[in-house]
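To keep things clear, I will list the structure first and then write my remarks on it.
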């Protein structure tokens, strides 16, 4: 009899333990002005769906990082994983920040040219700018 229960696919299983905080999911859902109350079953479904989606996205991003022979998942890997999965790309790609280009990552080392030349004035000397500022 115990063997029959293990093989029966219609047997009731224990409820899935959520890792994502349901209170936070409920607060996010209530940010929509059209939603007044959130049913516990709907909350469970949205939280479960969110967990599954995040797990899927993390796995795909990890695959991209492994392809690039990297150990750390970066935004570029996340964007590429989203691009490869069309339904995800349709709604998520616009929200992800564009990674900086290689030329933007390394700013110019010569910072002296970007700063205006200001000579230090003695401690008790007022600068001319302070003299002409409007007093309130």
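In UniProt numbering, the protein residues as written are 1 to 136.
Ideal Cβ positions, reconstructed from N, Cα and C, are used throughout, including at glycine.
When the Cβ atoms of the stretch 77-90 are set against those of the stretch 55-68, are three or more pairs found closer than 8 Å?
Result yes; three or more Cβ-Cβ pairs closer than 8 Å.
Can you tell me which of the three DSSP states residue 51 falls into?
Three-state result, residue 51: helix.
Comparing C-alpha positions only, which one of 71, 89 and 75 sits nearest to residue 101?
Of the candidates 71, 89 and 75, the one whose C-alpha sits nearest the C-alpha of residue 101 is 75.
Count the CB pairs spanning the stretch 14-23 and the stretch 38-47 that are closer than 8 Å, and state whether there are at least three.
Output reads yes: the stretch 38-47 touches the stretch 14-23.
Straight-line Cα distance separating residue 61 from residue 29:
In this structure, the straight-line span from the alpha carbon of residue 29 to that of residue 61 is close to 26 Å.
Alpha helix (DSSP H) containing residue 76: first to last residue?
Counting along the chain, the alpha helix (DSSP H) containing residue 76 begins and ends at 75-84.
If you compare alpha carbons, which of 25, 32, 72 and 52 is closest to residue 40?
Minimum Cα-Cα distance from residue 40 among the listed residues 25, 32, 72 and 52 corresponds to 25.
Looking at residue 51: is its Cβ nearer than 7 Å to the Cβ of residue 20?
Contact flag set, yes.
Would the beta-carbon of residue 76 be found less than 6 Å away from any heavy atom of the ligand ATP?
By its list of ligands, the structure shown contains no ligand whatsoever, and the ligand ATP lies outside what it can speak to.
Among 27, 65 and 77, whose alpha-carbon lies nearest the alpha-carbon of residue 99?
From the listed residues 27, 65 and 77, the smallest Cα separation to residue 99 is found for 77.
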